[in-house]
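Below is one structure, written out as structure tokens; comments come after it.
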Amino acid sequence: MKTIIKNGIVVTSGSIFKADILIEGESITSISSHITQESADKIINAEGQYVFPGGIDVHTHLEWPLMDTETADDFVSGTKAAAVGGITSIINFTKPEIGASLIPTQEEWIEKGKKSVIDYGLHAIINHYSDRVLEELPILAETYGVGSIKLFMAYKGEMMVNDLEMYKIMKKAGELGIITNVHAENGDIIDEMIAQALAEGKTDPIYHGYTRPTIMEAEATGRALAIAEAANAPIYIVHVSCAEALEKVVEAKKRGVQAFAETCPQYLVLDISYLDQPNFEGGKYVCSPPLREKWNQDALWNGLQTGIISVAGSDHCPFRYEGQKTMGKDDFSKIPNGLPGLEDIFSILYHFGVHKGRISLNKFVEIISTNPAKLFGLTKKGDISIGKDADIVVFDPNRSRVITAECQYQNVDYNAYEGMKVQGVITNVLSRGEVIVKDGQFIGDLARGKYLHRSRVQNQESMANLQKDGQFREPVK
Ligand SMILES: [Zn+2]
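In terms of the numbering used here, the sequence shown opens at residue 340 and continues consecutively.
Next comes the structure, spelled out in structure tokens:
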């Protein structure tokens, strides 16, 4: 099968140029100002449109158990929604039983993921410490290509590990070239604040925001970064939501810590006022960390533009309003934490970032595709160049659309960005050379996604380069 994408404006993290792209089988085989059409099986006319590398969402929670329920998207609905939204690879989190061996957990999640319509990788969550965990890390990395784990500093009793456990696990991970994702919030103090609020009869969704203050995110972020530094291990702070936490990342980068940060569309576009809506509407917007005061958004956009924040991930953790979010109608602490986001992250970042002049086109590609590929060892993804997988999004910047739950693929009964008009429409999405989305409709086969066995060597080299790019590296003693 030969496909040519004609006359598009190719945008990578480093350049913008008009070109034709030849795809043979699953890969990009030629990029040139004119590729003859004779032998092509399929021509996609991209005149006047951008041709981007496919989005890579490294923060998803499909089929993910939390708080006595499970996220509303499985790997079928979730990856269809991703594809329609311009995401061609995801890295989802596993969820082991507490104390369980990581290996059968990994096997179980690879199996679940086989339903995916796009390529999928897995980060291994580690929710307890034992000698066995340390023994299993090299097996995860070698046998399963898992170059990233995740630790939680909150959710005591369900996922939280303590400082010493973090240190021991990160030290081993660092030796193996594994990067550690960290959910940084001070779980002990937050739990106490929640108990106090409830004891005072404060049960509305807004108290979810008030009991998880920015300072408790910043404190945990700083602590995680210090532990990473002591353990000589690379660290990736997921979902940075506020300026105070971001400052901790800046300080760590200055010290030469291999520290990377992610933010999410909800923190860039939504704010704490969404939690304060009447009639339990605020329940739809409960996620952790919570939505923040609006002024933090400028700091986050600035962090993206300057390279302090390397990646935008969705933290797609969808729960239906009816029957799931409403579990916490009388007690905000029983509202499952999380927002749907992977279907719209690409559009939201483009509209509020590029269209509104906050980030450049190249930066957009960098944070939504190139950096996630580099940091998480996806050597065939994240760029439009010869030899890469033909994961491509053709995007018409001259059209616009309105985001609404009515026509979404994600399996939730609301959309956090309902009614927002965004510039740009995705016209075609290709995954390994196959057109899987056309004009907003998913047209690919089911279960066509492949498990992403990820590289660590690339990972380490790229991290060193990214660190340099951030311009904060100082000589390591
Ligand atoms: Zn998450």
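Built from N, CA and C at the ideal position, the CB exists for glycine as well. Predicted, not measured: the structure shown is a model, and the values here were computed from it.
- Query: Going by other Cβ atoms of all chains shown within 10 Å of its Cβ, with 16 needed for buried, is Val-741 buried or exposed?
  - Reply: Label assigned to Val-741: exposed.
- Message: DSSP has Ala-463 in a bridge; who is on the other side?
- Response: Per DSSP, the beta-bridge partners of Ala-463 are Ile-488.
- Counting Cβ pairs, one atom from each stretch, are 3 or more of them under 8 Å apart for the segment 476 to 496 and the segment 697 to 713? Contact between the segment 476 to 496 and the segment 697 to 713 is absent, because fewer than three Cβ pairs lie under 8 Å.
- Query: Straight-line CA distance for Glu-386 to Gly-513?
  - Reply: Cα to Cα, the separation comes out at about 46 Å.
- With distances taken between CB atoms, is the gap from Lys-434 to Pro-392 smaller than 8 Å? Going by C-beta atoms, Lys-434 is not nearer than 8 Å to Pro-392.
- Message: Please classify Met-499 as buried or exposed, where buried requires at least 16 other C-beta atoms within 10 Å of its C-beta.
- Response: Classification for Met-499: buried.
- Does DSSP classify Asn-618 as helix, strand or coil? Reduced to three states, the DSSP call for Asn-618 is coil.
- Query: Since Pro-392 is in the beta strand (DSSP E), which residue starts that stretch and which ends it?
  - Reply: Unbroken beta strand (DSSP E) run through Pro-392: 389 to 392.
- Message: Taking the alpha carbon of Ile-488 as the reference point, which residue from Asp-502, Leu-503, Phe-356 and Met-509 has its own alpha carbon closest?
- Response: When each option's Cα is compared against that of Ile-488, the closest is Met-509.
- Message: Can you determine whether any heavy atom of ligand 1 sits closer than 7 Å to the C-beta of Asp-654, and answer yes or no?
- Response: It does: the Cβ of Asp-654 is within 7 Å (strictly closer) of some heavy atom of ligand 1.
- Message: Per DSSP, what are the beta-bridge partners of Ile-765 in this structure?
- Response: For Ile-765, the pairing in a beta bridge is given by DSSP as Phe-734.
- Query: How big is the Cα-Cα spacing for Ile-698 and Gln-644?
  - Reply: Distance between the alpha carbons of Ile-698 and Gln-644: 6 Å.
- Backbone secondary structure at Asp-683 - three-state DSSP: DSSP places Asp-683 outside both helix and strand once states are collapsed to three, so it counts as coil.
- Task: Work out the CA separation of Asn-641 and Gln-810 for me, nearest whole Å.
- Result: Bear in mind that a pLDDT of 42 at Gln-810, under 50, signals an unreliable position, so the model cannot answer this.
- Between which two residues does the beta strand (DSSP E) carrying Tyr-606 extend? That residue, Tyr-606, is in no beta strand (DSSP E); its alpha helix (DSSP H) goes 604 to 608.
- Any idea if Gln-851 is buried or exposed, counting beta-carbon neighbours within 10 angstroms, 16 or more meaning buried? No information on residue 851 is available, as it lies outside the stretch 340 to 816 that the chain covers here.
- Message: Just to confirm the assignment, what range does the beta strand (DSSP E) spanning Gly-347 have?
- Response: For Gly-347, the enclosing beta strand (DSSP E) starts and ends at 341 to 350.
- Query: Which partner residues of Val-741 appear in the DSSP bridge assignment?
  - Reply: Partner(s): Lys-760.
- Could you have a look at Ile-355 and say whether DSSP puts it in helix, strand or coil? Looking at Ile-355 - three-state DSSP - the assignment turns out to be strand.
- Task: May I ask which residues mark the beginning and end of the beta strand (DSSP E) holding Ser-378?
- Result: That residue, Ser-378, is in no beta strand (DSSP E); it is neither H nor E in DSSP.
- Message: Along the chain, where does the beta strand (DSSP E) containing Val-774 start, and where does it finish?
- Response: Here the beta strand (DSSP E) through Val-774 covers 773 to 777.
- Asp-722 bridges to which residues according to DSSP? According to DSSP, Asp-722 bridges with nothing at all.
- Query: Do the segment 661 to 671 and the segment 587 to 595 meet, that is, are 3 or more Cβ pairs less than 8 Å apart?
  - Reply: No, they do not touch.
- If we ignore side chains and look at the alpha-carbon of each, how far apart do Glu-436 and Asn-466 end up? Rounded to whole angstroms, Glu-436 to Asn-466 spans 8 Å at the Cα level.
- Query: With respect to the beta strand (DSSP E) encompassing His-522, which residues constitute its N-terminal and C-terminal limits?
  - Reply: Looking at the DSSP string, the run of the beta strand (DSSP E) that includes His-522 is 518 to 522.
- Message: Rounded to the nearest angstrom, what separates Gly-721 and Asp-502 at their Cα positions?
- Response: One C-alpha to the other measures close to 34 Å.
- Message: Does the segment 671 to 679 come into contact with the segment 533 to 552, if we say contact requires no fewer than three beta-carbon pairs (one atom in each stretch) closer than 8 Å?
- Response: As far as the Cβ criterion goes, the segment 671 to 679 touches the segment 533 to 552, which means the pair count is three or higher.
- Task: Kindly indicate the opening and closing residues of the beta strand (DSSP E) around Tyr-613.
- Result: Note, Tyr-613: premise wrong, no beta strand (DSSP E); not H, not E.
- Under the criterion of a Cβ to heavy atom distance below 7 Å, does His-400 qualify as lining ligand 1? Distances from the CB of His-400 to the heavy atoms of ligand 1 include at least one below 7 Å.
- Item | Separation of Pro-675 from Met-666, as counted between CA atoms | Going by C-alpha positions, Met-666 is about 8 Å away from Pro-675.
- Item | Under the three-state DSSP convention, the category Ala-598 falls into | Of the three classes helix, strand and coil, the one that applies to Ala-598 here is strand, per DSSP.
- Query: Exposed or buried, Gly-746, counting other C-beta atoms within 10 Å across all chains shown (16 or more means buried)?
  - Reply: It should be pointed out that residue 746 corresponds to Cys in this sequence rather than to Gly. Exposed, because fewer than 16 other Cβ atoms sit within 10 Å of the Cβ of Cys-746.
- Query: Exposed or buried, what is Gly-364 when buried is set at 16 or more other beta-carbons lying within 10 Å of its beta-carbon?
  - Reply: With a 10 Å radius around the Cβ and a threshold of 16 neighbouring Cβ atoms, Gly-364 comes out exposed.
- Using only the heavy atoms of ligand 1, determine whether one of them is closer than 7 Å to the beta carbon of Val-456. Shortest gap from the CB of Val-456 to any heavy atom of ligand 1: 7 Å or more.
- Same chain, Cβ closer than 6 Å to Ile-383, five either side skipped, listed in chain order: Within its own chain, the residues whose Cβ lies closer than 6 Å to the Cβ of Ile-383, once the five positions on either side in sequence are excluded, are Ile-344 and Asn-767, listed in chain order.
- Query: Between Val-869 and ligand 1, is the CB less than 7 Å from at least one heavy atom?
  - Reply: Nothing about residue 869 can be read from this structure; the chain reaches only from 340 to 816.
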